[in-house]
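Those sequence lines, one after another, are chains U and L. FYI, in numbering that gives the first Met the number 0 the residues of the first sequence are 0 to 256. FYI, in numbering that gives the first Met the number 0 the residues of the second sequence are 0 to 256.
Protein chains: 2
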Amino acid sequence: MAAEDGRDPQYLLDLLWRTRAAGTRGPRGSLSVDQVVGEAVRIADAEGVGAVSMRRIAQALGVTTMTLYRYVPSKDDLLDLMFHMGSGPPDTTDWPADWRGALRCWGRQMREMVVGRPWMLDIPIGAPPFGPNNLAWMEAALAAMDETPLNEGDMMEVLMILTSFVLGSTRQEVSMTRASERTGVSYEEWGRAYGRMLPKIMGDGRYPTLAKVTATGVFENENSPADDFDQSLEFLLNSVAALIRRREDEAGGEAAD
Amino acid sequence: MAAEDGRDPQYLLDLLWRTRAAGTRGPRGSLSVDQVVGEAVRIADAEGVGAVSMRRIAQALGVTTMTLYRYVPSKDDLLDLMFHMGSGPPDTTDWPADWRGALRCWGRQMREMVVGRPWMLDIPIGAPPFGPNNLAWMEAALAAMDETPLNEGDMMEVLMILTSFVLGSTRQEVSMTRASERTGVSYEEWGRAYGRMLPKIMGDGRYPTLAKVTATGVFENENSPADDFDQSLEFLLNSVAALIRRREDEAGGEAAD
DNA sequence: CATTTCCGTGTACAGCGTACACTTACTGTG
DNA sequence: CACAGTAAGTGTACGCTGTACACGGAAATG
Numbered sequence: 000m001a002a003e004d005g006r007d008p009q010y011l012l013d014l015l016w017r018t019r020a021a022g023t024r025g026p027r028g029s030l031s032v033d034q035v036v037g038e039a040v041r042i043a044d045a046e047g048v049g050a051v052s053m054r055r056i057a058q059a060l061g062v063t064t065m066t067l068y069r070y071v072p073s074k075d076d077l078l079d080l081m082f083h084m085g086s087g088p089p090d091t092t093d094w095p096a097d098w099r100g101a102l103r104c105w106g107r108q109m110r111e112m113v114v115g116r117p118w119m120l121d122i123p124i125g126a127p128p129f130g131p132n133n134l135a136w137m138e139a140a141l142a143a144m145d146e147t148p149l150n151e152g153d154m155m156e157v158l159m160i161l162t163s164f165v166l167g168s169t170r171q172e173v174s175m176t177r178a179s180e181r182t183g184v185s186y187e188e189w190g191r192a193y194g195r196m197l198p199k200i201m202g203d204g205r206y207p208t209l210a211k212v213t214a215t216g217v218f219e220n221e222n223s224p225a226d227d228f229d230q231s232l233e234f235l236l237n238s239v240a241a242l243i244r245r246r247e248d249e250a251g252g253e254a255a256d
Numbered sequence: 000m001a002a003e004d005g006r007d008p009q010y011l012l013d014l015l016w017r018t019r020a021a022g023t024r025g026p027r028g029s030l031s032v033d034q035v036v037g038e039a040v041r042i043a044d045a046e047g048v049g050a051v052s053m054r055r056i057a058q059a060l061g062v063t064t065m066t067l068y069r070y071v072p073s074k075d076d077l078l079d080l081m082f083h084m085g086s087g088p089p090d091t092t093d094w095p096a097d098w099r100g101a102l103r104c105w106g107r108q109m110r111e112m113v114v115g116r117p118w119m120l121d122i123p124i125g126a127p128p129f130g131p132n133n134l135a136w137m138e139a140a141l142a143a144m145d146e147t148p149l150n151e152g153d154m155m156e157v158l159m160i161l162t163s164f165v166l167g168s169t170r171q172e173v174s175m176t177r178a179s180e181r182t183g184v185s186y187e188e189w190g191r192a193y194g195r196m197l198p199k200i201m202g203d204g205r206y207p208t209l210a211k212v213t214a215t216g217v218f219e220n221e222n223s224p225a226d227d228f229d230q231s232l233e234f235l236l237n238s239v240a241a242l243i244r245r246r247e248d249e250a251g252g253e254a255a256d
């Protein structure tokens, strides 16, 4: 059956959306895709994505390894599913009504989610983010901007920029904390190793501006990652505010037309 | 020897910067770290990071597998090195002198680099980006902003936001093109599969805003990825310009003080 | 009941990263 | 020049990975 091929985009989408046909004949399966992916997520939460193996999942589920392939076409697809389902939808219950407050909550919550599940950043990009949860995140951000005079193109652009920023900065943050964990010694040790490197950097004249900037002590700032994140997020929200103001002016001009 | 441990941050930094002690006794090695990493990069360029294995590299270099471990402590570290060296420094020769033009070139060139080496996005984050090439990229952006009234904190923040944006949006772009490649059928097929999905999305009422936005046909826009990127980049540069204007005003106020 | 369908299993294979013990060849020192 | 001392490169081996394939048996339909 061609539809069983994991490479068929339709198949992966069906997997994501639980819309698989599911023939009526024969015995019912004892597991579900959610159980398989859920167990994989549990393992990744506990020991990182490197600890996720088909045998391991199967053992935890009390079945043989090959059984899993009745529910998931391949491990690559399983990883895709883990990414799509591991995120979960945003929790919008306490969000304020104004666009800026809502987007702020959106960004913060997204950061927290990824920081809490850093293995999501390790999953190589397979399919574009078209799962239910990803769409829910998109929906939340778009809904926040719906009341503004931004047009659809604007909204998509802002969404894209915010998403990139959140994932990118979180990625950087995780790389730091992980470097400490992996080497067993913390921030300070890394800082000292880096400090030993700095003279060479300064010395060889290849990075004059960087040398100047580091000399002012920007790297020794003691802000928490969350604070740094918030600050940059406000910067971006300011830009969005400016864009909104521009669109307001345009609308005003049209109305007067 | 403790320093030989790949987990020592100092060791990795030495590897990055080619500052290893290199005892004088005994036979000289026939290879170099650059050769090993270079071959790994060549394989990744040709067949993706998944095709990079120690045996494969060794074979291409005409040595046994275990020989590689004389130059590189582990495959994880090799991947780190690939990331750090695969990027190469930016080419600033044709960049304009004004900050905006320079940052625009910086962003575009960075995108092109990653699009040309998409496997860089597949390497799980190991160490923070403290290699010579990464610092060169930082230096280039900071140098562009050096003439502006931005303070050091501003500059680092802008650098961080721009980097996140470039990597994040490129990541998204690569995920799209790769999904087509992996499934063997192109954009259109994915579009159709997605189109078949859309009614369900519209129907279940969970994504009203998204439904509204997609209905306006934003997704059918035929802009090239590069155009979309440029547009968002300009948006961010506008924000930087606004920040610069604010700092100018502050400086003016101080001067009048 | 007969038949179709498909779940779950067992075995097997090719490939992976790398620990370890070893030979070999080179180099600086006595 | 001879002799350590040192490090380069090799070969073998182990435990792990993802998954192809063939099979037995249970379940639901006609």
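Glycine is no exception: its CB is placed at the ideal position from the N, C-alpha and C atoms.
Proximity test, Cβ basis, 8 Å: D256/U and chain L: Note that D256/U scores 48 on pLDDT, short of 50, meaning its location in the model is unreliable; the coordinates nonetheless yield the value given after this. Closer than 8 Å: no.
Closest by CA to S168/U, which one among L80/L, S163/L, A57/L and W98/L? Nearest option by C-alpha distance: S163/L.
Contacts that L120/L makes with chain U (C-beta to C-beta distance below 8 Å): Under the 8 Å cutoff, chain U gives P123 and I124.
Look up A126/U in the DSSP assignment and say whether it is helix, strand or coil. Coil, per DSSP.
Whole angstroms is fine: what's the gap from F228/L's alpha carbon to G28/L's? Per the coordinates, the alpha-carbon of F228/L lies some 45 Å from the alpha-carbon of G28/L.
When the Cα atoms are used, what is the spatial distance from E247/L to P148/L? For E247/L and P148/L, the distance between alpha carbons rounds to 6 Å.
Backbone secondary structure at Y206/U - three-state DSSP: Note: Y206/U maps to coil in three-state DSSP.
Partners in chain U for E138/L, counting only beta-carbon separations shorter than 8 Å: Against chain U, the beta carbon of E138/L has neighbours under 8 Å at R205, Y206, P207, T208 and L209, listed in chain order.
What is the DSSP secondary structure of Y68/U, reduced to helix, strand or coil? Helix at Y68/U.
Taking 6 Å as the limit between beta carbons, can you name the residues of its chain near A140/L, skipping five residues before and five after? Taken in chain order, the residues that qualify are W105 and L158.
Please list the terminal residues of the continuous alpha helix (DSSP H) segment that includes W118/U. Taken as a continuous stretch (DSSP letters only), W118/U belongs to no alpha helix (DSSP H), as it is neither H nor E.
Please list, in chain order, all residues of the same chain as G125/L whose beta carbon is under 8 Å from its beta carbon, the five residues on each side excluded. Closer than 8 Å at Cβ, skipping near neighbours: D75, D76, L78, D79 and F82.
CB-CB under 6 Å to G47/U, same chain, minus the five flanking residues each way: which ones, in chain order? Once the five neighbours on either side are set aside, the close Cβ partners of G47/U are W118.
Measure the alpha-carbon distance for G152/U versus V239/L and round it to whole angstroms. One C-alpha to the other measures close to 21 Å.
Does DSSP classify L284/U as helix, strand or coil? Missing from the structure shown is residue 284/U; chain U here goes from 0 to 256 and no further.
Consult DSSP for R227/L and reduce its assignment to one of helix, strand or coil. Looking at the sequence shown, residue 227/L is not Arg but Asp. It is helical.
Return helix, strand or coil for R245/L, following the three-state DSSP convention. In this structure, DSSP gives R245/L a helical state, which the three-state scheme calls helix.
Own chain partners of T91/L with C-beta closer than 6 Å, once the 5 adjacent residues on each side are dropped: These residues qualify, in order along the chain: A139.
Assigned secondary structure, W94/L (DSSP; H/G/I helix, E/B strand, else coil): Coil.
Please state if the CB of P123/L and the CB of D121/U are separated by a distance shorter than 8 Å. Note that the C-beta distance between D121/U and P123/L is below 8 Å.
Under the three-state DSSP convention, the category T169/U falls into: Helix.
Alpha-carbon spacing of P26/U relative to Y10/U, whole angstroms: Near 22 Å, if we compare the C-alpha coordinates of Y10/U and P26/U.
When L209/L, M137/L and L15/L are compared against K211/U, the one with the closest alpha-carbon: With distances taken between Cα atoms, K211/U lies closest to M137/L.
Report the residues of the region 156-169 of chain U with a CB closer than 7 Å to any CB of chain L, ordered along the chain. Residues of the region 156-169 of chain U whose Cβ lies closer than 7 Å to any Cβ of chain L, in chain order: E156, M159, I160, T162, S163, F164, L166, G167 and S168.
Taking 8 Å as the CB-CB cut-off, is G152/L touching chain U? Taking 8 Å as the threshold, the shortest C-beta distance from G152/L to chain U falls below it.
Given that Q230/L touches chain U, what residues does it touch there, using C-beta distances under 8 Å? The CB of Q230/L comes closer than 8 Å to the CB of E156 in chain U, given here in chain order.
By the criterion of Cβ-Cβ separation under 8 Å, what are the contact partners of D97/L in chain U? By Cβ distance, chain U contributes nothing, its closest Cβ being about 16 Å from D97/L, past 8 Å.
Which residue wins for smallest C-alpha separation from L30/L, given the options V71/L, S174/L and L15/L? It is V71/L.
For a contact defined as C-beta to C-beta under 7 Å, what are the partners of T215/L on chain U? The contacting residues are E151.
Compute the Euclidean distance between the alpha carbons of V165/U and M112/U, then round it to the nearest angstrom. C-alpha separation (whole angstroms): 11 Å.
So for L30/U, helix, strand or coil by DSSP? Reduced to three states, the DSSP call for L30/U is coil.
CA nearest to the CA of T176/L, picked from R107/L, I56/L, G115/L and M84/L: The residue with the shortest Cα to Cα distance from T176/L is G115/L.
Integer Cβ distance of V40/U from M84/U, believed to fall under 8 Å: Beta-carbon to beta-carbon, V40/U and M84/U are separated by about 7 Å, close enough to satisfy the 8 Å threshold.
Have a look at S73/U, Y206/U, S174/U and W16/U and flag the residue whose alpha-carbon is nearest the alpha-carbon of P131/U. The shortest Cα separation from P131/U among S73/U, Y206/U, S174/U and W16/U belongs to W16/U.
Out of R245/U, F234/U and R244/U, which has the shortest C-alpha to C-alpha gap to L102/U? For the set R245/U, F234/U and R244/U, the Cα lying nearest the Cα of L102/U is the one of F234/U.
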